Amino acid sequence: MNPDQQTPETTREATDEVADQSLQRQAVVAKPEPKPAPGTGAARRITVKSLNAYYGDNHAVKGLDLVFEPNHVTAIIGPSGCGKSTMVRCLNRMHEEIPGARASGEVLLDDIDVYDASIDVVAVRRAVGMVFQKPNPFPTMSVFDNVAAGMRLSGARGKDLNEKVESSLRGAGLWEEVKDRLGTPGVGLSGGQQQRLCIARTIAVEPEVILMDEPCSALDPIATLKIEELIAELKRRYTIVIVTHNMQQAARVADRTAFMLTGDMVEFAATEKIFTNPDDSRTEEYVTGKFG
Amino acid sequence: MHEARYAFRQELRKLEEQALGGLDMVESTLGRALEALEHQDVELASLVIVDDDRIDGRYLEVHQGILSLLATQAPVAGDLRLVAALLHVIKHVERMGDQCVNVAKVIPLSGHEPPIHEEILAKVLEMGQLARSEVRQSKQAFELRDVALAEDLVRQDQLINAHNREVFKLALEAGDDADVREWAMHMILVARALERVGDNAVDVGEQVAFVVTGLFREFADASRVSSREE
Amino acid sequence: MSAVLPPVSPRRRRTDTVMRGVVGVLTGLAILPLVLVLYYLFSKGVGAWSVDFFTTDPSGRFFGSPGGVRSAIVGTVLIVGVATLMAVPFGIGVALYLVEYGKESKFANVVRYFVDVMTGVPSIVFGLFIYITLILATGFGGFAGWKGSLALALLMLPVVTRAGEVVLNLVPDGLREAALALGAPRWRVVLRVVLPTALPGLITGSLLAVARAAGETAPLLFTATIVKGTTLNLNDQMNSLPAQIFNDVRQAQDRIVERAWGSALTLVLMILLLTLIARLVQRRSRLT
């Protein structure tokens with residue numbers, strides 16, 4: 001940035017002088033990408049290449065190319081039915097669980113293609129965790145068991161789970177609220193707490209990426225805010241991809257934002273650029289509310 | 001209600017009209033101030049001074065409207081740039097209004113029958129007309145979102161600045177009559193005020209470029225010794 | 001100005017009263033037979049109850065004490081118990097296949113169709129089937145308790161499967177998704193998440209199937225038949241309450257006929273108890 005300069009001042013009024021000195025004399029460009037905070041280094045980069053996804057004959061995701069940077073939050077926005085949820089579910093291979101659904105292309109975790117024939121689907125899902133729109137703690141389990149469920153379901157046996165459960169609950173910002181009622185049913189918590197419980201359950205299996213499919217849609221504003229703050233914390237340790245139909249939320253939490261429209265990716269840039277000066281007119285129309 | 005966010009778009013349009021209307025107010029006020037100057041009309045001058053309240057009122061209206069829009073509608077992208085630009089524009093309108101008051105204030109000071117240096121007066125009045133034309137053009141450029149038209153303001157502003165320097169030179173050589181010299185000093189103040197109006201109009205032009213391109217840059221204007229480009 | 005809110009029209013009031021009356025009468029008519037049956041059962045059957053009734057076997061003698069129905073009660077409990085052990089795991093297994101794995105595939109739809117057909121098959125046909133395949137055909141021995149259990153199990157299977165399918169479908173998909181997304185193989189998802197969640201409903205369905213089977217007479221007549229003595233050996237012919245009732249009702253002696261009423265009352269009460277337990281378990285379910 002150029003330093004403010006003293007200009008030949010015989011022709012200016014003093015007040016204007018002050019006003020001008022505080023002006024940025026620089027073209028307003030997007031701020032440089034925030035450097036990832038030092039974390040465990042576990043977060044991985046996801047590179048999507050020519051991803052196509054189908055529901056039977058319905059071509060829901062059309063040849064997408066995308067990169068999710070480690071320790072960053074990337075938001076996917078777009079109108080209903082644009083394929084954003086479908087695309088995200090391809091990242092942890094949940095898409096193929098739907099009868100009749102299939103996907104093609106490459107999804108690289110660093111440099112391992114999760115769609116490679118030799119890769120175990122279950123292992124992919126342990127590395128790429130997911131939080132869903134509607135909080136879904138297991139109803140037959142207590143708070144403790146819910147957090148431990150992730151580990152138990154992936155085959156962990158008997159080892160001391162107490163520490164892991166506590167650290168996961170702390171990581172989800174829920175420990176203080178539930179530490180005295182770990183034995184109570186998970187479904188007895190409030191909506192926002194349930195969602196944080198699900199987040200704790202997800203991070204208990206130590207994933208490298210966390211996918212969030214509209215995680216706050218079912219929550220009240222205060223719970224939403226808590227989760228958004230949590231996301232800002234979580235990105236220090238994980239790579240985060242969040243699908244949201246709430247543009248303000250994308251603007252608040254995401255470093256980069258991708259705008260999708262009927263299966264195509266229209267624009268993918270720093271969040272600030274998308275919301276102050278997008279390149280594509282369709283992006284402009286969507287974020288300003290002219291459609292969608 | 002065929003348009004999405006109809007109420008919001010209406011409000012935004014109204015805000016723009018109000019802000020640009022401020023430019024109209026400035027232009028007519030400037031005209032009256034010049035007239036008062038030309039005919040040494042002290043009454044007209046005091047009218048101009050009082051009338052500045054209207055411009056200040058317009059500033060407050062637009063300012064409040066912008067705050068309200070930001071709070072209730074959360075504009076983004078192009079809408080956000082427009083709102084930010086309008087905030088700058090109305091500030092420039094208010095400054096220009098103050099400069100017109102500065103011009104009007106000088107008139108009673110120069111006495112009821114001051115000695116007039118014809119050349120200086122002519123130059124100053126010409127500056128005034130140039131300034132008025134700049135204000136009109138800046139409004140047009142904003143309405144039409146015409147960046148080329150906005151950039152053309154620089155050319156006119158350079159003329160004003162040249163005139164300003166000449167007035168200064170002429171005033172230095174105004175002669176031995178103390179009354180004339182005193183009057184000439186007042187004219188320097190007027191010239192300076194008019195030159196400031198021109199600068200503010202160029203600033204409005206810069207806002208036009210910002211709204212359209214999303215980039216903010218200073219148009220090269222002659223008050224800088226060297227122009228800075230991107 | 002007071003708001004104008006028209007009151008309920010008299011015509012509407014009348015229609016309402018009439019409809020309430022009609023529905024009430026119909027309900028009463030529907031419950032009436034049930035009440036009558038229970039009343040008859042109770043009034044005619046409770047007289048047969050005594051300590052002997054529950055502790056001695058039918059003597060089969062024309063003169064003297066006719067004995068109790070101990071063997072029948074024991075037989076019913078054993079036969080139905082074994083039938084449950086056979087039918088419930090299979091039934092739930094089929095339900096699990098249909099809901100978790102087969103879903104809408106062609107094979108799954110065929111299976112569903114067959115299960116539906118099976119619910120309509122008359123119970124006597126199952127009895128006949130076992131009779132022909134396991135009793136008439138040589139090498140399998142004669143009448144036996146376990147063959148009766150088998151016939152009852154065939155009867156219970158489609159009921160358990162049907163009820164199981166309904167309950168498993170009630171388990172929200174979100175739970176399965178959550179478990180899958182945590183990196184669990186599908187069998188673990190079913191075992192650790194779906195089954196525990198559906199358990200109360202599955203138990204209820206099974207208990208209702210049991211209640212139905214306990215009262216079936218025809219299959220047992222062809223497979224376990226009627227004997228007098230109490231036996232715990234499922235390989236032997238075994239007595240059961242329905243069979244005993246069938247036998248006693250045709251006798252000339254009043255006391256024996258009365259014993260039949262007592263048996264019927266006992267049987268109904270046992271079934272009532274099972275249904276009650278099923279209801280209580282249902283209340284603990286978080287799905288319905």
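Protein chains in written order, with my numbering: chain P, 1 to 292; chain A, 1 to 230; chain V, 1 to 288.
We put the CB at the ideal spot given by N, CA and C, even for glycine.
Just so we're clear, the structure is a prediction, and the values are computed from it rather than from any experiment.
Self-check item: CA nearest to the CA of V:Lys103, picked from V:Leu168, V:Gly67, V:Gly120 and V:Ala151
Solution: The residue you call residue 103 of chain V lines up with position 103 of the third sequence. Looking from the CA of V:Lys103, the closest CA among V:Leu168, V:Gly67, V:Gly120 and V:Ala151 belongs to V:Leu168.
Quiz prompt | Cβ shell of V:Ala278 (< 8 Å), same chain only, five flanking positions each side left out | solution = Here residue 278 of chain V is taken as the residue at index 278 of the third sequence, counted from 1. So the qualifying residues of the chain are Ile203, Thr204, Leu207, Leu208 and Ala211.
Quiz item: Excluding sequence positions up to five away, which residues of its chain have a Cβ less than 6 Å from the Cβ of A:Gln207?
Solution: In the second sequence, residue 207 of chain A corresponds to position 207, counting from 1. Within the same chain, Ala85, His88 and Val89 come within 6 Å of A:Gln207 by CB-CB distance, once the 5 residues on both sides are set aside.
Quiz item: Can you tell me whether DSSP reads P:Ala60 as helix, strand or coil?
Solution: Taking the first residue of the first sequence as 1, we reach residue 60 of chain P at position 60. The answer is strand: DSSP assigns P:Ala60 an E or B state.
Quiz item: From this set, A:Val42, A:Ala193 and A:Glu43, which residue's C-alpha is nearest A:Leu130's C-alpha?
Solution: Working through the second sequence from its first residue, we reach residue 130 of chain A at position 130. Taking only the C-alpha atoms, the option nearest A:Leu130 is A:Ala193.
Self-check item: Separation of P:Asp160 from P:Pro70, as counted between CA atoms
Solution: The residue labelled residue 70 of chain P in the question sits at position 70 within the first sequence. The residue labelled residue 160 of chain P in the question sits at position 160 within the first sequence. Computed Cα separation, rounded: 30 Å.
Practice problem: Run the CB neighbour count on A:Val50, radius 10 Å, all protein chains shown included, and call it buried at 16 or more, exposed below. | Solution: Counted from its first residue, the second sequence places residue 50 of chain A at position 50. Residue burial annotation: A:Val50 is exposed, with fewer than 16 other C-beta atoms found within 10 angstroms of its C-beta.
Quiz item: Using a beta-carbon distance cut-off of less than 8 Å, what residues from the segment 76–88 of chain A approach chain P?
Solution: For the segment 76–88 of chain A, the beta-carbon criterion of a distance under 8 Å to any beta-carbon of chain P is satisfied by Val76, Ala77, Gly78, Asp79, Leu80 and Arg81.
Practice problem: In the DSSP assignment, find the alpha helix (DSSP H) that holds P:Val295 and state where it starts and stops. | Solution: Lying outside 1 to 292, the shown extent of chain P, residue 295 of chain P is not represented and no answer is given.
Exercise. Please confirm whether V:Val190 and V:Glu258 have their CB atoms less than 7 Å apart.
Key: Translated into positions along the third sequence, residue 190 of chain V becomes position 190. Translated into positions along the third sequence, residue 258 of chain V becomes position 258. Not in contact: V:Val190 and V:Glu258 (Cβ atoms no closer than 7 Å).
Quiz prompt | Contact list for the segment 4–35 of chain A against chain P, Cβ threshold 8 Å | solution = If the cut-off is 8 Å between Cβ atoms, the segment 4–35 of chain A has Ala4, Arg5 and Phe8 near chain P.
Self-check item: V:Arg11 burial status per 10 Å Cβ neighbour count (16 or more: buried)
Solution: Your numbering for residue 11 of chain V matches position 11 in the third sequence. The residue in question, V:Arg11, is exposed, as its Cβ has fewer than 16 Cβ neighbours within 10 Å.
Quiz item: With a Cβ-Cβ cutoff of 7 Å, do A:Leu159 and A:Gln137 count as a contact?
Solution: Taking the first residue of the second sequence as 1, we reach residue 159 of chain A at position 159. Taking the first residue of the second sequence as 1, we reach residue 137 of chain A at position 137. In this structure, A:Leu159 lies away from A:Gln137, with their beta-carbon atoms at least 7 Å apart.
Quiz prompt | Cβ shell of P:Val107 (< 7 Å), same chain only, five flanking positions each side left out | solution = Here the question's residue 107 of chain P lines up with position 107 in the first sequence. Leaving aside the five residues that flank P:Val107 on each side, the residues in its chain whose CB is nearer than 7 Å to its CB run, in chain order, Ile46, Val48, Leu51, Cys90, Leu91, Asp113, Val114 and Tyr115.
Quiz item: Under a Cβ-count criterion, where at least 16 other Cβ atoms within 10 Å of its own Cβ denotes burial, should V:Leu150 be classed as buried or exposed?
Solution: Position 150 of the third sequence, counting from 1, holds the residue named residue 150 of chain V. Residue environment: V:Leu150 is assigned as buried (16 or more neighbouring CB atoms within 10 Å of its CB, all protein chains considered).
Self-check item: Spatial distance of A:Lys14 from A:Ala150 (CA atoms)
Solution: Taking the first residue of the second sequence as 1, we reach residue 14 of chain A at position 14. Taking the first residue of the second sequence as 1, we reach residue 150 of chain A at position 150. Distance between the alpha carbons of A:Lys14 and A:Ala150: 22 Å.
Quiz item: In chain P, which residues lie less than 8 Å from A:Ala74 when you measure between Cβ atoms?
Solution: As a first step, residue 74 of chain A is located in the second sequence; it is residue number 74 there, counting from the start. Residues of chain P passing the Cβ test: Gln248.
Quiz prompt | chain V within 7 Å of P:Asn136, Cβ atoms only | solution = Counting from 1 along the first sequence, the entry for residue 136 of chain P is found at position 136. By this cut-off, P:Asn136 is an interface position.
Quiz item: Is it right to say V:Lys147 is buried, meaning 16 or more other beta carbons lie within 10 angstroms of its own, or is it exposed?
Solution: Translated into the one-based positions of the third sequence, residue 147 of chain V becomes position 147. Answer is buried; the Cβ neighbour count reaches 16.
Exercise. Pick out whichever of A:Lys105, A:Gly57, A:Val211 and A:Glu35 has its Cα sitting closest to the Cα of A:Leu144.
Key: Your numbering for residue 144 of chain A matches position 144 in the second sequence. Ranking the options by Cα distance to A:Leu144, first place goes to A:Val211.
Quiz prompt | Contact belief for P:Thr288 with A:Val76 at Cβ below 8 Å, rounded distance in angstroms | solution = Here the question's residue 288 of chain P lines up with position 288 in the first sequence. Here the question's residue 76 of chain A lines up with position 76 in the second sequence. Between A:Val76 and P:Thr288 the Cβ distance is about 6 Å, and since that is below 8 Å, they are a contact.
Quiz item: Hey, does P:Glu272 have any beta-carbon neighbour from chain A nearer than 7 Å?
Solution: Within the first sequence, the letter at position 272 stands for residue 272 of chain P. Output row for P:Glu272: interface = no.
Quiz prompt | Whole alpha helix (DSSP H) elements within the segment 138–182 of chain V, 4-residue minimum | solution = You should have 145–170 and 173–181.
Quiz prompt | Local Cβ density within 10 Å of P:Asp145, reported as buried at 16 or more and exposed below that | solution = For the purposes of this step, residue 145 of chain P is taken as residue 145 along the first sequence, with counting starting at 1. With 16 or more other Cβ atoms within 10 Å, it is buried.
Practice problem: Inspect the CB distances between the segment 195–213 of chain P and the segment 119–139 of chain P and report whether three or more fall short of 8 Å. | Solution: Because the criterion of three Cβ pairs below 8 Å is met, the segment 195–213 of chain P and the segment 119–139 of chain P touch.
Self-check item: Alpha carbon of P:Leu153 to alpha carbon of V:Val193, nearest angstrom
Solution: The residue given as residue 153 of chain P occupies position 153 in the first sequence. The residue given as residue 193 of chain V occupies position 193 in the third sequence. Rounded to the nearest angstrom, the two C-alpha atoms are 9 Å apart.
Quiz item: Is the number of C-beta pairs between the segment 40–56 of chain A and the segment 167–177 of chain A that are closer than 8 Å three or more?
Solution: No, the segment 40–56 of chain A does not touch the segment 167–177 of chain A.
Exercise. Would you kindly work out how many angstroms separate the C-alpha atoms of V:Leu128 and V:Val117, rounded to a whole number?
Key: Numbered from its first residue, the third sequence carries residue 128 of chain V at position 128. Numbered from its first residue, the third sequence carries residue 117 of chain V at position 117. A direct Cα-to-Cα measurement between V:Leu128 and V:Val117 gives close to 17 Å.
Quiz item: Any beta-carbon of chain V closer than 7 Å to the one on P:Met87?
Solution: Taking the first sequence and counting its residues from 1, the one referred to as residue 87 of chain P is at position 87. Not an interface residue.
Quiz item: For P:Asp113, which three-state DSSP category applies?
Solution: For this step, residue 113 of chain P is matched to residue 113 along the first sequence. It is a strand residue.
Quiz item: Looking only at its own chain, which residues have a Cβ that is under 6 Å from the Cβ of P:Pro8, when we skip the five neighbours before and after it?
Solution: Here residue 8 of chain P is taken as the residue at index 8 of the first sequence, counted from 1. Any reading at P:Pro8 must be qualified, since the residue scores a pLDDT of 45, below 50, and its modelled position is unreliable; the value itself is stated next. Counting only Cβ-Cβ distances below 6 Å, and skipping sequence neighbours, we find nothing.
Quiz item: In this structure, does DSSP put P:Tyr238 in helix, strand or coil?
Solution: Here residue 238 of chain P is taken as the residue at index 238 of the first sequence, counted from 1. DSSP places P:Tyr238 in coil when its eight states are reduced to three.
Exercise. Specify, as a first and last residue, the run of the beta strand (DSSP E) that P:Ser50 falls within.
Key: The count along the first sequence starts at 1 and reaches residue 50 of chain P at position 50. Per DSSP, P:Ser50 is one residue of the beta strand (DSSP E) stretching across Ile46 to Tyr55.
Quiz item: Along chain P, which residues have their Cβ under 8 Å away from the Cβ of V:Lys103?
Solution: As a working note, residue 103 of chain V is residue 103 in the third sequence. Correct list: Pro99.
Exercise. For chain A, find out if any of its Cβ atoms is closer than 7 Å to the Cβ of P:Phe144; answer yes or no.
Key: Here residue 144 of chain P corresponds to residue number 144 of the first sequence, with the count starting at 1. Judged by the 7 Å Cβ criterion, P:Phe144 is not in contact with chain A.
Practice problem: Quick one: measure Cβ to Cβ for V:Phe222 and V:Ile130, integer angstroms, because I've assumed they're closer than 8 Å. | Solution: Residue 222 of chain V sits at position 222 when you count from the first residue of the third sequence. Residue 130 of chain V sits at position 130 when you count from the first residue of the third sequence. Their Cβ separation, rounded to whole angstroms, is 7 Å, which keeps V:Phe222 and V:Ile130 in contact under 8 Å.
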